[in-house]
Ligand code: NPG
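Residue numbers (the numbering used here): -1 to 370.
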């Protein structure tokens, strides 16, 4: 498909409530949107990098800069016509920057699929028309407040709860939630690499609470330590930050560093790479689930399509728009009986509300492809 220009939008969306993790607090989502435009229409991508490089080395100003200075020029130089399947190869000389690359690939993918009248869900191989919705709850002010939040979201129909944990906020909240909501609640925890192997006895105390999994307890690069921890605790270990490529995913599984994988397209460099990780896990019988990065409706639409693939056997961090924003950049995703519907229209199957995007945009920048 032909691309004539790329438009970058920076949109600041306040979160309905602060979201606290073991590494920091998010109060607003600084969203970088990528629109590719050509004669056959346009396509949209969302960059999931956060404001600060605390979850991973990427951050939104850096992603914006690398897209401008290094990625778009490479796409422009690749020729007048480009398919989504070419994007990763064309950008491969630039090391890292997976979230920036993923946003561009998502936009090209959306544009191509829209032009072809085909949905992203179909293109990726989705087998479901709706996906179960999980909710991820940040570190709370108090156990009481956490219990109220869990009750509120269960009342809305969420089918699984994830608690953010860190040293000082781990066994107590898990014990309290289990005691209050009973053994049938699908419950998991996410440490965002806040522990070391020296904490393994403390982490083993979580074993008695029947958690689905513990996510990324140790450092991103510590596959060996995760394999050791997996021998010391009964709770299944799931990796998130560590899984930066297909090769790392396969290595982590083979070394026993995890038995479950969190798939995030941004971390892996795009939805096509994410599908390949899904396929590899599926072949090996390793369950996967779709992670979230507080996406707007655009990124959420793509995540929901991905999560409809057959290997996504655990509920993802996929919540309704109102869990994050008072108003979304697209028509809101609404919970239906604890599930989110998989968009079936062409491409992402959702369109940005352009008036609202313009109203909230801190900057809009057009980069022409023909430098002439
Ligand atoms: O529902 O989109 C969501 C949030 C899911 O907990 C969530 N994301 O580490 O997976 C994570 C986490 C995150 C939150 C990462 C904020 C980065 C910043």
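Idealized CB from N, CA, C, for every residue including glycine.
Small disclaimer: the values here were computed from a predicted structure and weren't measured.
Query: Secondary structure of residue 258, DSSP reduced to three states; Result: strand
Query: Cβ shell of residue 339 (< 6 Å), same chain only, five flanking positions each side left out; Result: 128
Query: Secondary structure, beta strand (DSSP E): runs of 3+ residues fully inside the region 21 to 66; Result: 22 to 36 and 39 to 45
Query: Close Cβ partners of residue 346 (< 7 Å) along its chain, the five nearest in sequence each way excluded; Result: 42, 108, 118, 296, 299 and 300
Query: 8 Å Cβ cutoff met for residue 210 and residue 312; Result: yes
Query: Contacts around residue 194, its chain only, beta-carbon distance under 7 Å, and the 5 residues preceding and following it disregarded; Result: 216
Query: CA-to-CA distance, residue 223 to residue 169, given in whole angstroms; Result: 21 Å
Query: Within 8 Å, strictly: CB atoms of residue 76 and residue 88; Result: yes
Query: Sub-8 Å separation of residue 136 and residue 17 beta-carbons; Result: yes
Query: Cβ shell of residue 51 (< 6 Å), same chain only, five flanking positions each side left out; Result: 57
Query: Separation of residue 240 from residue 9, as counted between CA atoms; Result: 28 Å
Query: Residues near residue 192 by beta carbon distance below 8 Å, same chain, minus five either side; Result: 20, 21, 163, 164, 165 and 215
Query: 7 Å CB neighbourhood of residue 167 in its chain, flanking five on each side removed; Result: 137
Query: Where residue 214 sits in the DSSP three-state scheme; Result: coil
Query: Straight-line gap, residue 178 to residue 172 (C-alpha atoms, nearest Å); Result: 10 Å
Query: Buried or exposed by the 16-neighbour rule on C-beta atoms within 10 Å, applied to residue 367; Result: buried
Query: Contacting residues, own chain, Cβ-Cβ under 6 Å from residue 221 (five flanking each side not counted); Result: 250, 253 and 255
Query: Beta-carbon proximity check, residue -1 vs residue 44, cutoff 8 Å; Result: no
Query: Where residue 98 falls, given that 16 or more other Cβ within 10 Å makes a residue buried; Result: buried
Query: Supposed close pair residue 294, residue 29 - CB separation, criterion 8 Å; Result: 5 Å
Query: Residue 66 versus residue 141: straight-line alpha-carbon distance, rounded; Result: 45 Å
Query: Continuous beta strand (DSSP E) stretch holding residue 365: start and end; Result: 359 to 366
Query: Three-state secondary structure assigned by DSSP to residue 93; Result: coil
Query: Which residues DSSP lists as bridging residue 334, in chain order; Result: 337
Query: Rounded straight-line distance, which links the Cα of residue 40 to that of residue 115; Result: 13 Å
Query: Short Cβ contact (8 Å threshold) for residue 5 with residue 33; Result: yes
Query: Own chain residues within Cβ distance below 6 Å of residue 232, not counting five before or after; Result: 205
Query: Where the alpha helix (DSSP H) through residue 150 begins and ends; Result: 141 to 154
Query: Within 8 Å, strictly: CB atoms of residue 155 and residue 326; Result: no
Query: For residue 264, the three-state DSSP class (helix, strand or coil); Result: helix
Query: Contact set for residue 315: own chain, Cβ-Cβ below 6 Å, skip 5 residues either direction; Result: 132, 134, 289 and 290
Query: Chain-order list of residues whose beta-carbon lies under 8 Å from that of residue 14 (same chain, five-residue window excluded); Result: 320, 321, 322, 323 and 324
Query: Residue 371 beta carbon near the ligand NPG (any heavy atom closer than 7 Å); Result: No information on residue 371 is available, as it lies outside the stretch -1 to 370 that the chain covers here.
Query: Short Cβ contact (8 Å threshold) for residue 348 with residue 7; Result: no
Query: Residue 357, buried or exposed, once every other Cβ within 10 Å from all chains shown has been counted against 16; Result: exposed
Query: Through-space distance from residue 350 to residue 174, alpha-carbon basis; Result: 40 Å
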